[in-house]
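Only one structure is covered here, and it is reproduced in the block below.
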Amino acid sequence: MSPDLQQVLEKKFAEKYGREPTVVAYAPGRIEVLGNHTDYNEGYVLSAAINHGTFFALAPRDGAEASLTAGDIMDEVRFPADAPARTEEHTWANYVLGSLAGVLARLPAGSARAFDAMFLGNIPLGSGLSSSAALEVSATLAFARFLGADIPPVEVAKIGQKAEHDFAGVKCGLLDQASSVFGRRDSLVMSDFRTLEFKPVAFSPDVCFLMCNTNAKHALVDGAYNERRECCEKAARFFAAALDHPVSALRDVSWNEWLEHRGEMDDLIARRAAHPVGEDARVLAGVEMLREGDVAGFGKLMFESHDSSRNYFENSCPELDTIVDAAQAIPGVYGARLSGGGFGGSAVVLVDRRAVETASTALRNAYKNRHGDWIDPRVITCSDGARVVRG
Ligand code: ADP
Ligand code: MG
Numbered sequence: 043m044s045p046d047l048q049q050v051l052e053k054k055f056a057e058k059y060g061r062e063p064t065v066v067a068y069a070p071g072r073i074e075v076l077g078n079h080t081d082y083n084e085g086y087v088l089s090a091a092i093n094h095g096t097f098f099a100l101a102p103r104d105g106a107e108a109s110l111t112a113g114d115i116m117d118e119v120r121f122p123a124d125a126p127a128r129t130e131e132h133t134w135a136n137y138v139l140g141s142l143a144g145v146l147a148r149l150p151a152g153s154a155r156a157f158d159a160m161f162l163g164n165i166p167l168g169s170g171l172s173s174s175a176a177l178e179v180s181a182t183l184a185f186a187r188f189l190g191a192d193i194p195p196v197e198v199a200k201i202g203q204k205a206e207h208d209f210a211g212v213k214c215g216l217l218d219q220a221s222s223v224f225g226r227r228d229s230l231v232m233s234d235f236r237t238l239e240f241k242p243v244a245f246s247p248d249v250c251f252l253m254c255n256t257n258a259k260h261a262l263v264d265g266a267y268n269e270r271r272e273c274c275e276k277a278a279r280f281f282a283a284a285l286d287h288p289v290s291a292l293r294d295v296s297w298n299e300w301l302e303h304r305g306e307m308d309d310l311i312a313r314r315a316a317h318p319v320g321e322d323a324r325v326l327a328g329v330e331m332l333r334e335g336d337v338a339g340f341g342k343l344m345f346e347s348h349d350s351s352r353n354y355f356e357n358s359c360p361e362l363d364t365i366v367d368a369a370q371a372i373p374g375v376y377g378a379r380l381s382g383g384g385f386g387g388s389a390v391v392l393v394d395r396r397a398v399e400t401a402s403t404a405l406r407n408a409y410k411n412r413h414g415d416w417i418d419p420r421v422i423t424c425s426d427g428a429r430v431v432r433g
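So the working numbering is basically just the index in the sequence shown, starting at one, shifted up by 42.
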């Protein structure tokens with residue numbers, strides 16, 4: 043969290059609205075560290091809230107109208123405070139409007155109050171660090187405090203997710219919002235997408251992450267994503283019939299069961315299923331390694347995760363492979379893998395803090411040599427989750 047950013051926001055707010063904000067909330071972005079495409083298979087993910095985020099400030103005003111300003115671009119929208127509705131024109135506002143709708147839905151009718159609001163963030167937009175979740179969660183916390191709604195943390199995450207589904211039109215899982223809500227300094231967040239339990243796992247402060255955004259976006263991402271989901275569902279149905287214990291999702295299938303039955307399945311379905319099944323096993327193994335302080339072992343699991351993406355799930359791409367392949371040979375680097383949906387986007391590299399500069403330079407050079415463009419690795423540390431910081 044950057045206290046400077048909070049000060050800048052409060053100053054901008056005062057300049058625009060002529061008074062101080064009464065409530066300010068903060069929410070960080072997130073990185074996915076281990077556990078890829080496991081959320082919709084009811085499995086496990088290790089993620090972290092990051093040291094970049096969004097501040098959301100507001101103050102009550104008279105009347106029935108609300109004003110909302112995106113402080114980075116100084117764009118303003120106005121709407122009735124008791125009836126936030128989706129807008130086609132200011133798409134950035136939908137994340138906030140949906141969050142307000144979610145808070146109001148948990149309060150008795152007539153609870154709405156007019157306000158002026160402004161937000162400011164330092165997460166690069168659309169780079170795989172989830173600026174959208176940071177915006178939803180910071181807005182939800184600010185509105186909840188302002189309107190006197192006592193909302194449990196899981197519900198805060200769900201309000202953000204619903205805003206993303208219904209207002210922004212993105213059918214995301216709960217990982218981004220839950221990581222932003224449940225993040226803890228020097229810890230990863232262990233998420234269980236069946237029970238919706240989110241627990242901190244201590245993480246060595248001697249290491250950090252380099253997040254490398256390739257800016258690559260490969261065509262047919264939606265089609266490829268849907269194909270992967272369908273294969274996972276088909277595989278779960280196969281295992282439900284083949285195994286003598288209940289299987290409602292790939293979460294219920296062990297790696298040994300996959301090995302034993304893969305020959306009986308369509309080869310493509312088997313290879314797709316290997317990824318979430320293997321990832322669940324790696325996340326569980328990774329949690330144990332972190333408890334024992336085995337950072338090197340944990341990094342190896344990250345490399346294995348990427349191999350699984352590359353070979354079984356086929357959601358990697360040459361740009362991501364370049365970063366992960368280069369990372370294998372850099373001193374001080376423990377592991378690397380793609381982070382998020384894949385088919386482009388970002389790779390996450392686990393590195394000793396003392397090697398950050400040299401590793402970053404080596405990654406930049408490797409990428410430039412192969413693809414002709416520079417990447418800009420960003421230092422990410424595991425940070426505290428969302429909270430109200432004023433009011
Ligand atoms: P990601 O969540 O990976 O950053 P998304 O496409 O899900 O990418 O969300 C990015 C969108 O969220 C932006 O295009 C914008 O509409 C909105 N947004 C998030 N943070 C801000 C901000 N600080 N200022 C303006 N818009 C923002
Ligand atoms: Mg997003």
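Yeah, the Cβ is synthetic: ideal placement off N, Cα and C, and Gly gets one too.
Among the options, nearest to residue i - alpha-carbon criterion
| i | options | result |
| --- | --- | --- |
| A135 | D124, S109, A151 | S109 |
| E346 | P360, V325, G335, E330 | V325 |
| G190 | R271, R148, V421, M116 | R148 |
| G170 | P318, A258, E197 | A258 |
| G386 | A408, S358, A369 | S358 |
| R103 | Y137, S350, D158, F245 | D158 |
| G427 | G60, K53, A69, L51 | A69 |
| R270 | G383, P150, F224, L142 | G383 |
| L142 | A127, T133, G152 | A127 |
| G152 | A106, I115, A175 | A106 |
| T400 | H132, S381, A369 | A369 |
Beta-carbon proximity list for residue i, same chain, < 6 Å, skipping 5 on both sides
| i | result |
| --- | --- |
| P419 | L252, C254, S402, L405 |
| C273 | I311, R314 |
| A184 | V65, A67, F98, L100 |
| F281 | V289, V295 |
| H303 | A284 |
| Y354 | R313, A316, H317 |
Beta-carbon gap between residue i and residue j smaller than 8 Å
| i | j | result |
| --- | --- | --- |
| I165 | T182 | no |
| S229 | P242 | yes |
| A85 | R293 | Reading the sequence as shown, one finds Gly at residue 85 and not Ala. Cβ atoms of G85 and R293: closer than 8 Å. |
| L177 | F161 | yes |
| R352 | G374 | no |
| I73 | I422 | yes |
| A156 | A123 | yes |
| G163 | G95 | yes |
| R226 | V430 | no |
| V337 | S246 | yes |
| E437 | H317 | Not covered by the structure: residue 437. The range shown for the chain is 43 to 433. |
| D394 | D248 | yes |
| R379 | M331 | no |
| A91 | C424 | yes |
Residues bridged to residue i (per DSSP)
| i | result |
| --- | --- |
| R117 | Before going on, a small fix: residue 117 reads as Asp here, not Arg. Bridge partners of D117: A112. |
| F98 | A67, F161 |
| R432 | V66 |
| P194 | Bridge partners of P194: none, in fact. |
| M307 | According to DSSP, which records beta bridges pairwise, M307 is partnered with nothing at all. |
| F251 | L392, I422 |
| M232 | L88, K241 |
Cα-Cα separation between residue i and residue j, rounded to whole angstroms
| i | j | result |
| --- | --- | --- |
| I365 | Y376 | 13 Å |
| N83 | T129 | 32 Å |
| S290 | N78 | 19 Å |
| H348 | D192 | 41 Å |
| D218 | D309 | 32 Å |
| S44 | A284 | 53 Å |
| E62 | A56 | 5 Å |
| V179 | P194 | 12 Å |
| V231 | T237 | 14 Å |
| A389 | T256 | 8 Å |
| V212 | A408 | 34 Å |
| G335 | C250 | 14 Å |
| A323 | K54 | 48 Å |
| G265 | Q49 | 43 Å |
| A244 | R333 | 7 Å |
Nonlocal neighbours in the same chain, by C-beta distance under 8 Å from residue i, ignoring five residues either side
| i | result |
| --- | --- |
| G215 | D81, Y82, Q203, F235 |
Proximal residues to residue i (C-beta, below 7 Å), its chain only, five neighbours per side dropped
| i | result |
| --- | --- |
| V138 | L110, L177, A181 |
| G328 | L76, L88, F340, L343 |
| E197 | none |
| K58 | T111, M160 |
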